[in-house]
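Going by our numbering, the first residue of the sequence shown is number 324, and it counts up by one from there. No residue lacks a Cβ here, since even glycine has one placed at the ideal position from N, Cα and C.
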Amino acid sequence: MIVVVDTSVLLPALLSSQGFIHSLLIQAGERGYVPCVSDAIIDELVAKASELRIEATKIATFRVEQDTLCINGEHHRYTTTEIQQDDHIVGCYRSCRADLVLTSDKALIRKLERLDIPAVRPSEFQAYLT
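Okay, structure coming up:
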């Protein structure tokens with residue numbers, strides 16, 4: 324199953340390797356879920372991390388390297404895509420042919436529902452893993 328992972332989920336994973344979101348992404352990878360990100364999502368993540376003054380070394384560890392998403396030194400398989408649309412989450416979903424979007428952004432969830440794109444919060448996604 325391919326899952327587009329929004330910045331609102333990636334940022335907490337970057338901030339804490341002991342947190343719920345980080346362990347959720349690890350569990351997803353162990354169960355065969357493939358996160359789909361785009362350069363636009365990674366760029367947004369780095370910008371938000373910089374705004375929060377997260378130390379540059381932590382931001383640098385969150386990079387994409389040959390089909391691997393590196394979070395705090397742990398490597399996860401991922402799919403990436405180039406986006407041809409203005410909305411990078413919708414574009415990523417369509418380009419990756421993803422099954423759903425994982426986000427904590429309530430406004431984004433409402434928008435995706437209007438477009439008939441399945442979106443879940445991390446707490447709801449946990450049910451997919453059990």
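| Item | Value |
| --- | --- |
| Where the alpha helix (DSSP H) through residue 344 begins and ends | 343-353 |
| Beta carbon of residue 336 nearer than 7 Å to that of residue 344 | yes |
| Beta-carbon spacing of residue 455, residue 325 below 7 Å | Since the first residue shown for the chain is 324 and the last is 453, residue 455 is missing from the structure and cannot be characterised. |
| C-alpha distance - residue 355 paired with residue 372, whole-angstrom precision | 28 Å |
| Closest by C-alpha distance to residue 448, when choosing among 430, 353, 374 and 424 | 424 |
| Residue from 441, 330 and 435 whose Cα sits closest to the Cα of residue 422 | 441 |
| Pair within 7 Å by beta-carbon distance, residue 328 and residue 416 | no |
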